[in-house]
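Chains as they are written, first to last, in our numbering: chain A, 131 to 225; chain B, 98 to 720; chain C, 14 to 127; chain D, 2 to 253.
Note that CB positions come from ideal geometry on N, CA and C, so glycine has one too.
Here's the structure we're looking at; comments come further down.
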Amino acid sequence: MNTLAVQTPYTVPTAMMEALQITLLVLVAAGATAVVLIRAGVRQVLMLSIYGVLLAVLFLAFQAPDVTLSELVVGAVVLPVILLLTLAKVRKREQ
Amino acid sequence: MDQLLALVVVVPLLVAAAVTACGLLFRSRRRILDVVAILTAAAVAVMLFVIMIRTARGDQVYWFAGFRPAHGVSVGIDFEVQPLSAGLACLAAVLVTAAMTFSWRYFDRVATYYHALMLTFLAGITGFCLTGDLFDLFVWFELMGVSAYALTAYRPEERGPIQGALNFAITNSIGAYLSLSGIALIYGRTGALNMAQIGVAVAKHPADRLVVVAFVLVIAGLLIKSAIVPFHFWLPDAHAVAPTPVCVLFSGVMVELGLYGIARVYWSVFGQALGNRAAISHVFLGLGLLTTVTGALFCFRERHIKRMLAFSTISHAGMFLIGIALLTPLGLAGAAVYVIGHGLVKAALFLCTGIVLHRLGSVNESWLHGRGRPLRVTGVVFTLAGLGLADLPPFATFLGKGWIEASAGLWLVPVLIVCSAVVGGAVLRVAGGVFYGLGDRPSEDPQMAREAAEETSETTGGKDRTPLTMIVPPAILVVAAIVVGLIGPLGPAVQAAAVRFEDQAGYNTTVLSGAHVSHPVALFAAGPTSVTAADVLTGLGSVAGALILAWLALYWRRLPLLRAHRPNASIAAAARRFQSGVVNDYVTWIVIGLAGLGGIFAAIIGLPQSPALGSSPGNVVGC
Amino acid sequence: MQVFPFVVVAWILGVGLYGVVTSRHLVHQIVCLIVVQSSTYVLLLGVGYVTGGVAPYFFDVPNHTPAVDPVVQACALTDVVVEAAVTAMLLSFAIQAYKRFGTLDPQELAELKG
Amino acid sequence: MTPRQRRWIFLIAGAGLVAFYLWGLSGLPGFGNYPGPYGFAILRVAVAQTNATGVVSAINFDYRGFDTVGEEFILFVAAAGVATVLRRLRGERERPAVDEAAGRDVPATSSAVRMVALLFTGPVVLAGWWLASHAQTTPSGGFQGGILLATAFILIYLSGEFLVFKRLSPADLTDVVEAVGAGGFVVIGLSAVAMGLAYLKNFLPLGQVPGAVSSSGTIALISFFVGIEVAAAFILIVAELLDQTLLIRQGG
């Protein structure tokens with residue numbers, strides 16, 4: 131059932147798709163590591179935002195455009211924004 | 098199709114939304130919100146009771162949006178309701194009703210969100226109990242969890258609640274994500290989310306590594322929620338600081354829900370496939386024993402009353418797990434009745450502690466010594482509840498515990514009796530010291546004093562008398578615990594329900610083909626449930642032990658043998674070491690526990706090679 | 014390629030847990046929790062992938078084109094919402110903790126609490 | 002445990018856990034070999050049964066709509082929880098406007114950022130609206146649409162118009178909108194019950210053209226309410242956090 135019977139406008143050769151997925155998976159693994167290893171602060175939040183974008187692209191390569199869209203808005207925009215707001219509050223008092 | 102099954106989840110959700118929407122209108126008329134919320138919870142309790150009675154004749158299945166399974170494949174979400182699941186949800190609804198009645202005069206300023214959060218919490222519990230779908234289970238588990246985190250931090254002006262809520266939320270979120278990983282893993286093999294369908298699919302082959310790992314991961318979140326050692330560290334931090342009415346729900350049902358989830362997942366999904374019942378039974382018995390003993394030791398040492406009750410909950414969670422882990426109908430039935438009895442009694446204890454906090458402004462046992470004398474009714478209710486916790490006949494706790502012991506065989510019974518006595522002794526020591534001024538005034542342990550001083554009153558004003566809305570709920574709960582224990586035909590009915598709960602083949606048939614199973618197959622013979630003289634003697638023995646321990650704890654300084662002895666010192670050092678309050682430590686313990694549990698499971702189940710792809714021996718890492 | 018995505022899943026989970034355990038700052042810890050959760054998305058979408066399948070949308074492709082599993086995608090969507098909700102709540106706790114304790118180090122929080 | 006001990010203990014135990022996890026993962030059928038049957042069964046029947054061409058939305062709002070009820074309420078509780086935890090306590094007051102002028106509260110924004118943000122607001126609102134109303138056709142739905150709408154409000158904030166932001170989303174009103182969104186979803190499900198059908202049964206007639214907005218019965222309606230709920234919840238969360246940056250403790 132895995133063989134492609136129908137050609138669609140979105141059909142990508144399997145080998146190319148696989149290469150794309152492997153590349154993205156490596157990037158995501160590296161991104162996750164970077165997010166964890168960067169210590170707290172604005173830089174970590176920016177890295178999280180990049181990680182969100184990487185995940186979103188990976189999900190696109192996994193044929194999940196719906197999840198891509200959500201991850202893009204949540205992981206790359208909303209979460210970083212509320213994290214930055216929290217950091218702003220915390221740092222202001224530190225001064 | 099019984100529409101009540103959907104309504105018990107949907108109605109509290111709708112009322113929660115409505116209460117929030119109308120928050121502006123009722124800001125100055127809080128009583129309207131109180132009444133609506135209490136009535137909703139009570140209505141849910143009644144509906145669940147009706148469902149429980151109806152399901153006594155046969156399981157009920159409800160397919161949401163009307164998608165029934167075809168050819169053994171389900172495309173929708175179902176509720177599969179048995180008397181035990183409906184009964185547990187009903188207990189939760191009763192406790193929510195009691196807690197909200199208690200809150201009538203308890204909080205000074207109850208924001209509208211309090212009611213909304215309590216109702217979503219109840220809806221989460223109900224959905225969790227009734228669902229027959231693994232991912233749906235996760236959704237309601239999370240709703241329950243998120244509501245619980247918010248309720249724990251309900252008094253953010255203090256330090257304790259915020260720190261407790263953080264530890265609670267972080268550990269339990271990790272648990273939930275591990276559970277979800279397990280669900281995804283088993284989905285990748287079976288392509289199903291319906292529990293019965295997964296059960297049928299995995300039972301076709303002997304269990305392999307994927308099934309074992311999925312099982313361990315799925316129960317990981319549930320073990321954390323049910324505070325089984327070494328996953329329990331978050332619990333005292335959270336239970337000790339949450340508002341008292343919320344503690345009632347945490348100790349009374351939330352911990353038990355985790356255990357229910359383990360039992361449900363075992364008997365509906367993994368049981369047949371895993372096989373090897375004796376070994377699995379022993380693993381969980383070991384966990385249960387460890388939890389019971391640890392909880393009891395820490396409980397007895399504690400002088401912060403809410404923390405002490407929290408540790409007693411851990412100890413009891415271990416006993417429930419033992420009842421479940423016996424894998425017999427009698428053990429499960431005993432655990433079920435014990436959960437009900439314990440839930441009612443423990444709720445009453447927390448509510449009485451709430452009254453003490455309201456009237457006297459402290460939960461520090463040392464400081465309170467003798468100051469509770471004016472609270473006569475509260476003292477009586479607290480003492481009765483304490484005796485109930487020590488399994489005094491005819492409390493429901495005595496009945497449930499008795500069945501677990503009857504099923505357990507001789508070597509477990511002494512441990513269970515001793516732990517019951519220790520926990521009951523700690524509670525009775527508080528009762529004697531605080532409400533009757535018995536014994537010597539205890540010396541202040543500085544660390545305890547600091548912990549207890551954190552707890553400030555949750556109320557202001559009106560402290561010279563106890564409002565009826567505060568004392569009536571605990572009194573009713575204690576009476577209910579006795580009444581449940583006196584119901585004659587309870588034994589056979591609960592055991593029949595337990596037999597059905599453990600009948601995986603029957604469950605599968607009911608869900609996937611809609612047939613009624615009239616004669617479930619008991620894997621173990623049903624045991625006798627009648628109360629014998631020996632049972633009563635055992636129950637009285639544990640009460641006597643509790644009384645002796647309480648007396649010793651109150652008067653130990655007068656005894657020549659014990660005078661120079663400081664029994665608390667070593668436990669206190671251990672407590673500081675383990676119960677550090679640092680969430681990083683707790684997560685480390687979770688990882689250690691899971692790695693250990695995983696290793697044990699990998700070892701005891703001699704697995705054949707998986708027939709799946711991508712599984713050449715080279716890929717097997719570190720097994 | 015058969016197992017590589019799942020190796021990445023396990024790696025993300027391990028790294029995220031490492032971050033949670035070693036973190037000395039609550040905001041950092043919460044971000045690490047987000048990483049832990051992100052391993053579940055990759056796992057969910059990974060188990061539902063079908064080689065050569067299209068996305069489960071039939072707006073402009075014929076109805077029975079082989080497609081990847083849509084169920085895990087629905088589950089992943091739910092999961093994303095849960096992530097946003099839990100993170101928002103945890104951050105509000107962190108702000109409140111900072112106000113009460115003046116620090117965000119879990120170790121110091123525990124000591125200050127007594 | 003000291004941080005050092007903790008790290009070493011974790012490295013050992015964590016390696017064990019990850020190895021155990023990998024051991025289980027290696028038992029999967031392998032990437033790209035999803036075995037079914039759930040997804041394939043739905044793919045076979047979904048378009049015919051619901052007239053929706055976006056099968057993920059059909060699952061979210063129809064087949065597994067009950068999950069989505071829970072999911073919406075998780076978000077609802079999160080917003081309520083954030084509001085509860087961050088509510089103004091005794092002894093806290095809003096920082097006087099003078100400080101704002103000094104640029105200490107609202108981070109200073111360059112005029113370029115403000116321009117770009119303002120320019121983006123319109124399209125984002127439109128895109129959010131479109132997504133929320135086209136759940137059944139394309140990769141979209143109430144959740145993505147709602148969250149994009151919320152993003153529009155964040156953009157307004159970025160453009161430096163915090164006061165506009167506050168005027169657009171007074172907390173009480175947002176609360177009501179959020180509750181209406183979550184409650185609306187529940188009520189749609191209950192209407193089916195009132196008709197004697199199962200909860201959340203798609204009771205509206207399906208349209209003629211697969212993929213048109215009104216073609217899939219209740220799916221569009223549910224998606225709309227979910228969109229409202231999600232947008233309001235996120236606006237509420239962001240507004241509460243923003244509010245915090247303006248709060249100081251009395252005398253502090």
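In angstroms with no decimal places, state the Cα-to-Cα distance between A162/B and G431/B. Rounded to the nearest angstrom, the gap between the Cα atoms of A162/B and G431/B is 36 Å.
So, G61/C versus V81/C, is the Cβ gap smaller than 8 Å? A contact, by the Cβ cut-off of 8 Å.
Return the CA-CA distance between G218/D and A317/B, expressed in angstroms with no decimal places. Spanning the two alpha carbons is a distance of roughly 40 Å.
Beta-carbon spacing of I568/B, V474/B below 8 Å: Yes, they are a contact pair.
Determine whether the Cβ of I223/D lies closer than 8 Å to any Cβ atom of chain G. Here the protein chains are A, B, C and D, and chain G is not one of them.
Quick check on H41/C: buried or exposed, where buried means 16 or more other Cβ atoms within 10 Å of its Cβ? With at least 16 other beta carbons inside 10 angstroms of its own, H41/C counts as buried.
Neighbouring residues, chain C, relative to P253/B (Cβ below 7 Å): Within 7 Å Cβ-Cβ: Q109.
Out of curiosity, what's the CA-to-CA distance linking D196/A and T563/B? Those two C-alpha atoms are separated by around 56 Å.
Contact between the segment 602-612 of chain B and the segment 449-466 of chain B: three or more CB pairs below 8 Å? Not touching, per the Cβ criterion.
Using the Cα positions of T287/B and A298/B, report the straight-line distance between them to the nearest angstrom. Distance between the alpha carbons of T287/B and A298/B is about 6 Å.
If you follow the beta strand (DSSP E) that D175/B is part of, which residue opens it and which one closes it? From DSSP, the beta strand (DSSP E) with D175/B extends over D175 to V178.
Within-8 Å CB hit, S27/D to chain C: Taking CB atoms only, S27/D has a neighbour in chain C less than 8 Å away.
Identity of the residues DSSP links to D230/B by a beta bridge: Paired residues: N291/B.
8 Å Cβ cut-off: residues of chain B touching V21/C: Within chain B, no residue comes near V21/C; the closest Cβ sits about 13 Å away, beyond 8 Å.
Chain B contact for W24/D (CB, 8 Å cutoff): Interface criterion met: the Cβ of W24/D is under 8 Å from a Cβ in chain B.
Pick helix, strand or coil for N52/D, following the three-state DSSP scheme. DSSP, reduced to helix, strand and coil, places N52/D outside both helices and strands of the structure shown, so it counts as coil.
Can you round the beta-carbon distance between L486/B and G521/B to whole angstroms, since I take them to be within the 8 Å contact cut? Going by Cβ atoms, the distance from L486/B to G521/B rounds to 5 Å, so yes, they are a contact pair.
Taking a Cβ distance cut-off of 7 Å, strictly less, list which residues of the segment 49-68 of chain D are near chain C, in chain order. Flagged, chain order: T54, G55, V56, V57, I60, N61, R65 and D68.
C-alpha gap between V106/B and V315/B, whole angstroms: Rounded to the nearest whole angstrom, the C-alpha separation of V106/B and V315/B is 23 Å.
Using a Cβ cut-off of 7 Å, pull out every chain D residue sitting near I271/B, in sequence order please. In chain order: nothing, as chain D lies at least about 11 Å away.
Find the nearest neighbour of G483/B within the set R526/B, I501/B and G506/B, judged by alpha-carbon distance. The residue with the shortest Cα to Cα distance from G483/B is R526/B.
First and last residue of the alpha helix (DSSP H) that includes V143/B? From DSSP, the alpha helix (DSSP H) with V143/B extends over R127 to T152.
Closer than 7 Å: is that where the CB of I316/B sits relative to any heavy atom of the ligand ADP? Looking at this structure, you won't find the ligand ADP or any other ligand, since it has none at all.
Output, in chain order, the set of chain D residues within a Cβ distance shorter than 7 Å of T163/A. Within 7 Å Cβ-Cβ: nothing; T163/A doesn't reach chain D, min ~14 Å.
Pull the bridge partners of N461/B from the DSSP assignment, please. Among the bridge pairs identified by DSSP, N461/B is matched with H401/B.
Can you grab the Cα-Cα spacing for the pair F235/D / A186/B, in whole Å? The alpha-carbon of F235/D is positioned some 31 Å away from that of A186/B.
Taking 8 Å as the CB-CB cut-off, is L242/D touching chain A? Yes, contact with chain A.
Can you tell me the Cβ-Cβ gap for L414/B and A311/B, rounded? I've got them flagged as a contact below 8 Å. The sequence given here places Ala at residue 414/B; Leu does not occur at that position. Not quite, the Cβ-Cβ distance comes to about 24 Å (not below 8 Å), so this is no contact.
Could you work out which residues of chain C lie near V679/B, taking near to mean beta carbons separated by less than 9 Å? The answer, in chain order, is P119, Q120, L122, A123 and E124.
Report the three-state DSSP secondary structure of W160/B (helix, strand or coil). Of the three classes helix, strand and coil, the one that applies to W160/B here is strand, per DSSP.
Identify the residues that DSSP records as bridge partners of Y70/C: which are they? Residue pairing from DSSP places Y70/C in a beta bridge opposite G55/D.
What in chain B is Cβ-close to T53/C, meaning under 8 Å? In chain order: Y274, L277, S278 and A281.
Straight-line gap, A375/B to G385/B (C-alpha atoms, nearest Å): Each residue's CA atom was taken as its position, placing A375/B and G385/B some 15 Å apart.
What did DSSP end up calling N269/B once you bin it into helix, strand or coil? Residue state, collapsed to three classes: helix.
Whole angstroms are fine: how far does the CA of S200/A sit from the CA of L90/C? Cα to Cα, L90/C sits roughly 7 Å from S200/A.
Could you have a look at A80/C and say whether DSSP puts it in helix, strand or coil? Assigned with DSSP and collapsed to three states, A80/C falls in strand.
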